[in-house]
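According to our numbering, the stretch in the sequence shown is residues 4 to 569, in order.
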Amino acid sequence: MKKSFLKISSLFSFFVLLVSCDKDFNSLGSDVVGENNFDLELYDETSVIAYTKPTGPVQTNNLPINSLGVYSNSVFGKTAAHFVTQVELETPNPTLGTNIDIKANDSVYLYIPYFSTSETTAGVTTYELDSIYGDPNSTLNLKIYESRYILRDLNPNPDPNDNLSYNQRYFNDDKGLVEGNLGMQLNTSANTVENTQFKFDKSEIIIYKTDDGGNFLNSSGEIVTAIEDRVVKERKRPGMWVNLDKDFFETQILNAGSGKLFNNTAFKEYFRGLYFQVEENSGQEGVMSALDFSQGKITVQYHSDVTTTSNGVSVTTSAKRELVLNLRGNTVNFFDYSDDSAYQTAIVDNSNTTTGAERLFLRGGQGSVAFIDLFGPDNDSDGIPDQLEELRDNNWIINEANLVFHIDDTENGMQPVVGKPKEPSRIYLYDATNNRPIVDYTFDPTTFVNPKFNKFIFGGIIELTGEGENKKGVSYKVRITEYINRIINSDDESINKNVRLGLTVTENIGIPQNTALRTPIPLGSGQVKFVPVASVMNPLGTVLYGSNRTDSKKLKLQIFYSRPNN
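Structure (C-alpha cells):
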C-alpha cells in the first residue's frame with residue numbers, strides 16, 4: 004500500500020483545504036458541470052522533452068543550512084563536506100576584568116545543536132536526529148582549526164555589467180583558499196569522540212551543577228560523584244559538544260586587547276573564524292549531517308578580578324565569568340566529490356536537448372539538474388510551439404495538470420546491486436528561464452508542523468511503497484495546474500509564456516532563492532547561470548525515468564480538462 008509521510012490528521016486538513024481551493028478554482032461551479040454540459044477528459048499527448056545537465060561547481064557561501072561529514076552513495080559516488088565560518092562576539096566591547104586567567108576547572112567549549120525530534124515518556128525525553136545521511140553509527144575524524152583566511156563581503160573585481168557580481172561569491176571547490184591559511188587545531192582533547200572518533204550523537208546533553216573547583220554538587224551543596232545525586236543545571240538538545248584549546252582562547256581572545264574586541268568588524272578582521280574539516284575513518288560507511296551552524300556558540304569560561312566599592316570600601320574578588328562567541332558572519336560550505344564513473348557517463352548520455360533523455364539524474368550540491376521543454380517545436384516560426392497553438396484552440400477548462408516522475412528502481416537506478424541509497428524526500432520544479440518559482444508554488448498556502456511538507460498541493464513529495472526497511476520510493480508528482488491554465492487560456496502575454504522548466508532535489512521547499520554556477524550551462528541560444536539554493540543544500544540524488552522512452556513510466560504531462568459536449 005502506498006503511503007506518504009503525512010499522518011492522518013495532516014491528510015484530513017489537506018483534503019479540507021484542497022476541496023476549498025477547488026471550489027474557488029473552478030469558476031463554472033459544480034452545478035454547471037453536474038448538468039452534463041461538460042465532458043471530463045485526460046490529455047497526455049503533450050510533447051515533453053526532458054534531459055540532464057551537470058552543474059559544475061556551485062556557489063556555497065552563506066547557505067541557510069550547511070552539511071558536514073562524508074556520505075557515500077552507490078549510484079552517484081562519495082561526497083565530503085567541510086565548513087568555514089566567521090565568529091562574532093555576542094557582546095561587543097566586553098568588560099573582562101583584570102588578572103584574567105582560565106583555570107583548570109574552567110572550560111572552553113563549542114556547542115552546535117542538531118536537527119532533532121523529541122518524545123517524552125514517563126518524564127524521560129528521547130531524541131531522534133533529523134537530516135542524517137549514511138550510517139548514523141559511523142565515526143569521522145573531525146578537526147577544527149583556526150582559520151586565517153578573510154571571508155570577504157564584497158568582490159574586489161566585480162563585473163560592471165552584472166550588479167549581482169559585487170557581492171563576493173565562494174564556490175564548493177574553493178577550500179584551498181582556507182586550507183592554505185590555517186592556524187592551529189583547536190579540538191585536541193584526549194576524549195577521542197571530540198576529534199578522531201567523532202559521531203553525531205543523539206543523546207541529550209546534561210550539564211550538572213559544580214563548585215568553583217569543578218566538583219559535582221547535590222541539592223544540599225555537598226560534593227558528590229554518583230550521577231543520580233548530581234543537580235542538573237541545564238539540559239540541551241543533542242548537538243556537537245567539543246572542548247577547545249584553552250591556552251589559545253586565553254592568549255588570542257581574552258588577552259587580545261580592547262581594540263580588537265571593540266566591535267565585530269574589528270573582531271572578525273582579527274580572529275577570522277573556524278574551519279571544520281572531516282575525514283572518513285577506515286572501515287566506516289560514512290555519515291553526513293545538515294546543520295544550522297548559526298545556532299552554534301563558543302563559551303569561554305575564565306576567572307578575573309573585579310573591584311566593587313560599597314560605603315567607601317573597595318573589595319577585589321576573583322570570580323568565574325563567561326565570554327560567548329557566536330558562529331555568525333560569512334560562511335562557506337566546501338564539497339569534495341569522488342563521482343561514480345557510471346554516473347559521469349550517464350549525465351552525458353542523457354543530456355540530448357532534442358530527443359530528451361531515457362533517464363534523469365538529479366543530485367544536489369555540485370551535481371546535476373534536469374530541464375523540461377513542453378509543447379514541442381515552433382515550425383511556423385511565430386514564437387509559439389505548434390502544439391500549444393492547437394491546444395489554445397480547444398476551448399478547454401483546465402481542471403488539473405501534473406508532471407509525474409517515476410523513480411527508476413532497477414539496478415541501473417535507485418536499486419543497485421550493492422546497497423540502497425537514500426532517496427530525497429522532495430524534488431522542486433521551477434521556472435528555469437527566469438530563475439523563479441512557477442505560479443502554482445506561489446499560490447499554494449499549505450503549511451504543516453514539519454515545514455518540509457509545506458506547499459503540499461504543489462507537491463514534489465516522494466510517494467512510498469512498502470513497510471519498514473522495505474519501504475522505497477515510487478514516484479514524485481508536481482501539480483502545475485495554474486501554470487498550464489495560463490499558458491493555454493490566458494491572453495495576457497505577461498503570464499502566458501511557455502518557459503523552460505528546471506527540476507532539482509531540494510532540502511527546503513520554503514527557500515526558492517537561487518545560487519550561482521561557476522561556469523554557466525550552455526542551453527539553446529542562452530545560458531543557465533543559477534540553480535535553486537535549496538538543491539545545493541541537499542547531498543542526495545535520485546534517478547527518474549525520462550521522456551525518451553515508450554513504456555508506462557515515461558515522463559508525461561497529464562492535463563485533466565473539461566469541454567462543452569454539445
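Glycine residues also receive a C-beta, built at the ideal position from the N, C-alpha and C atoms.
Environment of residue i [buried if 16+ CB atoms lie within 10 Å]
{"i": "residue 489", "result": "buried"}
{"i": "residue 357", "result": "exposed"}
{"i": "residue 137", "result": "buried"}
{"i": "residue 331", "result": "buried"}
{"i": "residue 426", "result": "buried"}
{"i": "residue 31", "result": "Low local confidence applies: a pLDDT of 37 at residue 31 is under 50, so the model's placement there is unreliable, and no value is given."}
{"i": "residue 407", "result": "buried"}
{"i": "residue 386", "result": "exposed"}
{"i": "residue 516", "result": "exposed"}
{"i": "residue 260", "result": "exposed"}
{"i": "residue 500", "result": "exposed"}
{"i": "residue 165", "result": "exposed"}
{"i": "residue 238", "result": "exposed"}
{"i": "residue 187", "result": "exposed"}
{"i": "residue 486", "result": "buried"}
{"i": "residue 294", "result": "buried"}
{"i": "residue 179", "result": "exposed"}
{"i": "residue 127", "result": "exposed"}
{"i": "residue 566", "result": "exposed"}
{"i": "residue 530", "result": "exposed"}
Integer Cβ distance of residue i from residue j, believed to fall under 8 Å
{"i": "residue 455", "j": "residue 449", "result": "Not confirmed; about 12 Å, so no contact."}
{"i": "residue 372", "j": "residue 56", "result": "6 Å"}
{"i": "residue 113", "j": "residue 292", "result": "Actually they are not in contact, since the Cβ atoms of residue 113 and residue 292 sit about 15 Å apart, beyond 8 Å."}
{"i": "residue 185", "j": "residue 333", "result": "The Cβ separation is near 17 Å, so there is no contact."}
{"i": "residue 369", "j": "residue 58", "result": "6 Å"}
{"i": "residue 545", "j": "residue 508", "result": "7 Å"}
{"i": "residue 483", "j": "residue 404", "result": "5 Å"}
{"i": "residue 117", "j": "residue 242", "result": "5 Å"}
Neighbourhood of residue i by C-beta distance below 8 Å, restricted to the same chain and skipping five residues each side
{"i": "residue 307", "result": "99, 100, 101, 102, 103, 104, 321, 322, 324"}
Range covered by the alpha helix (DSSP H) that runs through residue i
{"i": "residue 271", "result": "267 to 273"}
{"i": "residue 249", "result": "249 to 252"}
{"i": "residue 521", "result": "Looking at the DSSP string, residue 521 is not in any alpha helix (DSSP H); the run it does join, the beta strand (DSSP E), is 517 to 526."}
{"i": "residue 538", "result": "536 to 539"}
Span of the beta strand (DSSP E) around residue i
{"i": "residue 373", "result": "371 to 377"}
{"i": "residue 178", "result": "Segment 178 to 182 is the alpha helix (DSSP H) holding residue 178; no beta strand (DSSP E) there."}
{"i": "residue 404", "result": "400 to 409"}
{"i": "residue 395", "result": "Taken as a continuous stretch (DSSP letters only), residue 395 belongs to no beta strand (DSSP E), being part of the alpha helix (DSSP H) at 389 to 395."}
{"i": "residue 259", "result": "Residue 259 -> no beta strand (DSSP E), and no H or E assigned at all."}
{"i": "residue 53", "result": "51 to 57"}
{"i": "residue 73", "result": "69 to 76"}
{"i": "residue 104", "result": "101 to 104"}
{"i": "residue 561", "result": "559 to 567"}
{"i": "residue 308", "result": "300 to 313"}
{"i": "residue 295", "result": "From DSSP, residue 295 is part of no beta strand (DSSP E); its letter is neither H nor E."}
{"i": "residue 115", "result": "111 to 116"}
{"i": "residue 508", "result": "504 to 508"}
{"i": "residue 552", "result": "Residue 552 -> no beta strand (DSSP E), and no H or E assigned at all."}
{"i": "residue 84", "result": "80 to 88"}
{"i": "residue 46", "result": "41 to 46"}
{"i": "residue 127", "result": "127 to 132"}
Sequence-distant residues of its chain with Cβ nearer than 6 Å to residue i (five each side left out)
{"i": "residue 280", "result": "85, 146"}
{"i": "residue 140", "result": "none"}
{"i": "residue 303", "result": "111, 252, 326"}
{"i": "residue 109", "result": "304, 305"}
{"i": "residue 310", "result": "317, 319"}
{"i": "residue 375", "result": "53, 504"}
{"i": "residue 339", "result": "83"}
{"i": "residue 176", "result": "60"}
{"i": "residue 491", "result": "394, 395"}
{"i": "residue 37", "result": "For residue 37, the pLDDT reaches just 49, beneath the cut-off of 50, and the residue's location in the model is therefore unreliable, leaving the point undetermined."}
{"i": "residue 28", "result": "Confidence is the limiting factor: at residue 28 the pLDDT is only 39, short of 50, which leaves the residue's position unreliable and the question unanswerable from this model."}
Neighbourhood of residue i by C-beta distance below 7 Å, restricted to the same chain and skipping five residues each side
{"i": "residue 557", "result": "548, 550"}
{"i": "residue 135", "result": "203, 290, 292"}
{"i": "residue 235", "result": "209, 211"}
{"i": "residue 79", "result": "342, 343, 346, 366, 544"}
{"i": "residue 297", "result": "330, 331"}
Any chain C beta carbon closer than 8 Å to residue i
{"i": "residue 324", "result": "In the structure shown, chain C cannot be found, because there is only a single protein chain."}
Distance cut-off 7 Å: residue i Cβ against heavy atoms of the ligand COA
{"i": "residue 77", "result": "Of ligands this structure carries none, so the ligand COA is not represented either."}
Task: Whole runs of the alpha helix (DSSP H) within the segment 321 to 353, excluding any shorter than 4 residues - done: 344 to 352
Task: Complete runs of the alpha helix (DSSP H) confined to the segment 413 to 501 [at least 4 residues] - done: 442 to 446, 484 to 492
- [ ] Quick one: which unbroken beta strand (DSSP E) runs of 3-plus residues sit fully inside the segment 138 to 171? Chain order, please.
- [x] Counting only runs of 3+ residues, the beta strand (DSSP E) found wholly inside the segment 138 to 171 occupies 143 to 150, in chain order.
Open item on the list: Which runs of the alpha helix (DSSP H) at least 4 residues long sit entirely within the segment 180 to 253? Give them in chain order.
Closed with: Runs of the alpha helix (DSSP H) inside the segment 180 to 253: 249 to 252.
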